[in-house]
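Worksheet: one structure, shown below.
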Amino acid sequence: MASVTLSGINKWYGGAVHAVRDISFKIEDGEFFGLLGPSGSGKTSVLRMLAGLERPTSGTISFDGTSVEAKTPQERNVAMVFEQNALYPHMSARQNISYPLKIRGLTKAEIETKVAEVASLLNIGHLIDRRASQMSGGQQQRVAIARALVRRPNLLCLDEPIAHLDTLLRARLRGELKRLQRALGTTSVIVTHDPIEAMTMTDRIAVMRDGLMQQIGTADEIYMRPVNAFVAQFFGLHSMNVFTVGNVRDAPELSGQCGAQPVMLPDCVKPHVGAQSRSVLVGSRPGGVSVYKAGEAPRRGAALSLSGRVYVAEQLGDAILVTVQAGDATIQAMTSPDYRFAIDEPVDVVIREDALYVFDDENQRTLRFASGASVSQTDRLATYA
Amino acid sequence: MNTIAVQGAALPPATRNRDTAAERRATLFLLGPAMTFLALLSIWPFAYLIYASFTSYQLAIPIPIEWVGIDNFTRMMSNPRFWRSLGITVIFALVAVPLQIVAGLGMALLLNGVTRGREVYASLFLIPMMVAPIVVGFSWNLFLNPIYGPLNSFLKAIGLNPPAWAQSPEWALPTLVVVDTWQWTPFVMIVLLAGLNSIPQRVYEAARVDGSTRWQTFVNIVLPMLFPYMMVAFVLRFIDSFRVFDIIYILTRGGPGTATQNLAYYTYDMGFGRFEFSIAGALSIIQLVLLTVGTMAILGFAKRRDKGPISDAPLPPTVFNAAAQSAMGAKP
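Listed in order, the protein sequences are those of chains C and V. Residue 401 is where the first sequence ends in the working numbering, and the numbering goes up by one at each step. Residue 357 is where the second sequence ends in the working numbering, and the numbering goes up by one at each step.
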């Protein structure tokens with residue numbers, strides 16, 4: 017087990033692709049760390065550099081304060097679980113798990129004990145003599161995890177280990193992986209493009225985009241206080257609604273336009289309206305948006321309100337996700353399942369001031385956060401889905 | 026979905042029968058010509074071959090053809106020339122084929138490490154395989170000519186006293202092995218290259234992370250994963266090596282003496298040299314049986330190796346497609 021420090025890491029591929037740009041962060045000993053980002057964000061490159069499969073173009077990586085850039089994966093004592101199909105197909109599960117021990121020259125008895133131990137830990141005792149082709153995807157990944165854990169690595173690297181499994185199995189393995197990591201205390205890094213995986217399993221998450229680090233923090237921090245519009249939209253079960261209100265005027269009331277649609281704005285937005293552009297970038301989680309039948313919205317001051325039409329309403333069981341087309345903006349709202357909305361039905365959309373985020377019109381940085389309590393619990397609880 | 030299923034079931038039986046009958050006619054019409062040719066050119070001659078091998082059919086002597094039972098076979102079994110040519114055939118196969126597998130594996134590994142222009146190199150390496158064997162024979166004949174061939178001129182120039190390769194009793198068979206290997210190693214290479222391409226990059230990376238050295242990865246992971254491909258190459262080359270004829274005909278004519286007379290050449294000599302058609306027929310059938318048994322033994326070995334609590338991995342079905350693709354420049 018080890019703490020891992022990356023500082024000033026850059027990775028170029030062939031002089032043309034700058035995949036990782038000046039990344040620095042520290043993973044604490046025993047921590048479960050998530051690298052989250054869309055494809056092409058450089059998260060896998062970071063993991064591969066941690067594992068020793070690739071060398072950084074510049075920057076340093078150290079395990080417990082010792083620099084490891086020049087060391088092989090074996091010298092670092094890292095283990096890795098790949099996306100899929102990385103078992104040795106001609107070997108049984110037992111042979112797969114034993115392989116790292118065998119090439120390290122352990123005796124038969126030692127290997128047997130360790131394999132039995134890790135097999136019972138992962139509940140794969142009954143599969144131990146099967147080959148990869150005779151196991152389901154979930155079973156194969158379990159064997160791959162066993163192979164990684166059997167030699168008690170300093171660092172466990174997980175490259176989208178459950179991304180290719182079906183939904184139910186993924187949900188189960190999320191829990192299993194988290195419990196396993198807690199029980200063993202192995203410092204672990206998981207790469208994923210799925211915010212739910214990152215949120216549910218890890219202690220801290222680093223969000224990446226285009227090779228750049230966006231934000232590092234706990235799931236709650238990133239969810240509640242995203243540093244910019246990208247993180248706000250990427251992180252969470254449902255994307256945050258982010259849209260531009262232009263042509264902002266102060267009189268008679270603070271208002272603007274979203275496309276051709278007039279928008280009423282709360283006063284808190286005022287200091288953030290661009291001096292030149294007269295526009296403002298606002299956002300809200302679907303849980304902070306209320307939808308009313310046209311004309312039924314209560315007249316309340318401190319809220320953003322606009323009119324639109326229902327694009328689609330999706331039944332989620334304990335809630336309905338309503339998508340409203342209002343001017344140029346597409347706004348999603350999480351509403352109570354009691355309401356029924358028809359497609360193209362005219363509606364009013366209201367975002368209360370305390371659920372409103374404001375972003376910088378130019379660099380997309382967050383200028384104003386919603387105050388915690390106002391963000392509806394529905395959206396956050398709905399992350400189990 | 027349901028509607029479609031119901032409609033299908035509701036078709037009147039008569040319609041379906043008529044369809045099937047029409048289909049059957051179409052099948053016959055389309056397959057008929059090919060089947061006729063097959064019957065005339067393959068099945069009938071084969072049946073006749075079996076019949077002839079049990080008779081006293083000699084083309085050169087106009088005696089009535091008589092049924093002689095297994096006489097031809099027993100005569101062959103007690104003929105030292107038969108045993109000698111069988112020995113030569115087996116030695117040829119057991120030396121040439123492993124040589125081709127090893128050399129082909131080496132070439133495939135080298136080529137697999139090439140990132141740029143792999144397809145070009147692969148195509149270039151395939152040239153010997155695409156040349157007609159008879160042309161290969163003539164080319165090597167010139168190359169190896171003891172008097173004016175370039176090889177011996179060179180060897181003499183550097184002060185050696187080279188043998189007359191194809192005409193030398195000791196060197197004739199090794200020479201044929203070399204020629205066959207030269208021509209067919211590329212085939213093994215392309216099969217094994219397809220095998221190498223089938224190993225996902227992740228497996229190599231998993232091995233690296235597991236602490237496996239390059240050599241350990243090669244021995245413990247790459248070779249076993251290539252095994253089915255090696256078996257395919259081995260079986261095909263093994264069968265082919267039994268019927269080597271062209272290069273023997275051109276380079277040695279089975280000689281000197283009978284030093285390079287394999288079963289195929291011996292059969293030819295019996296049939297078209299002495300017109301002993303029934304004997305040649307018996308020889309052909311013996312070869313067929315030997316090859317069938319041999320191939321089954323090899324495949325059985327390949328299967329048993331994979332047995333145990335672990336079920337057998339099927340031979341890769343697309344090995345030739347893959348081989349063709351990587352040969353013809355499709356990116357793996």
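The C-beta atom is built at its ideal place from N, Cα and C for all residues, glycine as well.
Check                                                                                                                          : Outcome
CB contact below 8 Å: Pro334/V versus chain C                                                                                  : Residue confidence for Pro334/V is low, a pLDDT of 37 falling below 50, so the modelled location carries little weight; the figure read from the coordinates is stated next. Answer yes: the Cβ-Cβ gap between Pro334/V and chain C drops below 8 Å somewhere.
Residue-level contact to chain V via CB, Val170/C, 8 Å cutoff                                                                  : Sequence inspection shows Asn at residue 170/C; the Val mentioned does not correspond to that position. For Asn170/C, the answer is no, since every Cβ of chain V falls outside 8 Å of its Cβ.
Buried versus exposed call for Tyr73/V [16 or more other C-beta atoms within 10 Å across all chains shown]                     : exposed
Chain-ordered chain V contacts of Met96/C [CB-CB under 8 Å]                                                                    : Glu230, Ala231 and Val234
Chain-ordered chain C contacts of Met255/V [CB-CB under 7 Å]                                                                   : Chain C residues near Met255/V: none, gap ~13 Å exceeds 7 Å.
First and last residue of the uninterrupted alpha helix (DSSP H) at Leu227/V                                                   : The amino acid occupying residue 227/V in the given sequence is Arg; Leu does not appear at that position. Element bounds for Arg227/V: Gln226 to Val234.
His142/C burial status per 10 Å Cβ neighbour count (16 or more: buried)                                                        : exposed
Straight-line gap, Met280/C to Ser271/C (C-alpha atoms, nearest Å)                                                             : 4 Å
Local Cβ density within 10 Å of Pro302/C, reported as buried at 16 or more and exposed below that                              : buried
Buried/exposed call for Ala32/C, threshold 16 Cβ in 10 Å                                                                       : exposed
Sub-8 Å separation of Gly304/C and Ala248/C beta-carbons                                                                       : no
Helix, strand or coil at Leu218/V [DSSP, three-state]                                                                          : helix
Nearest to Leu261/V (by Cα), restricted to the options Leu316/V, Ile310/V and Gly236/V                                         : Leu316/V
Buried/exposed call for Glu176/C, threshold 16 Cβ in 10 Å                                                                      : buried
Per-residue DSSP class, three states only, for Ala386/C                                                                        : coil
Interface flag, Tyr239/C vs chain V, CB-CB below 8 Å                                                                           : no
C-alpha gap between Val94/C and Gln348/C, whole angstroms                                                                      : 43 Å
Cut-off 6 Å between Cβ atoms - residues of its own chain near Lys194/C, not counting five sequence neighbours on either side   : Met217
Partners in chain C for Met132/V, counting only beta-carbon separations shorter than 9 Å                                       : Going along chain C, no residue has its Cβ under 9 Å from Met132/V, so there is no contact; the nearest lies around 23 Å.
Exposure label - Lys309/C; buried when at least 16 CB within 10 Å                                                              : exposed
Chain-order list of residues whose beta-carbon lies under 8 Å from that of Phe375/C (same chain, five-residue window excluded) : Asn244, Ala245, Ala248, Val258, Leu297, Val298, Gly299, Arg381, Thr382 and Leu383
Range of the contiguous alpha helix (DSSP H) that encloses Met255/V                                                            : Leu248 to Phe267
Distance between beta carbons of Glu369/C and Pro282/C, contact taken as under 8 Å                                             : 4 Å
Host alpha helix (DSSP H) of Arg381/C (start-end)                                                                              : Per DSSP, Arg381/C belongs to no alpha helix (DSSP H) and is neither H nor E.
Same chain, Cβ closer than 6 Å to Ile335/V, five either side skipped, listed in chain order                                    : Only weak support exists for where Ile335/V lies, its pLDDT of 39 falling under 50; the coordinates are left without a value.
Residues bridged to Cys274/C [DSSP beta-bridge criterion]                                                                      : Gln277/C
Ile144/C Cβ short of 7 Å to the ligand HEM heavy atom set                                                                      : Absence of the ligand HEM is noted for the structure shown, with no ligands found whatsoever.
Proximity test, Cβ basis, 8 Å: Ser237/V and chain C                                                                            : yes
Rounded straight-line distance, which links the Cα of Lys124/C to that of Val97/C                                              : 24 Å
Residue environment, Ala59/V, which counts as buried when at least 16 other CB atoms sit within 10 Å                           : exposed
Cutoff 8 Å: Arg329/V Cβ touching any chain C Cβ                                                                                : no
Integer Cβ distance of Ala67/C from Val234/V, believed to fall under 8 Å                                                       : 6 Å
Below-8 Å beta-carbon distance, Ala235/C vs any chain V residue                                                                : no
Proximal residues of chain V, C-beta to C-beta of Leu69/C below 8 Å                                                            : Glu230, Arg233 and Val234
Short CB-CB distance (under 8 Å) between Arg120/C and chain V                                                                  : yes
Residue-chain proximity (Pro89/C, chain V), Cβ-Cβ < 8 Å                                                                        : yes
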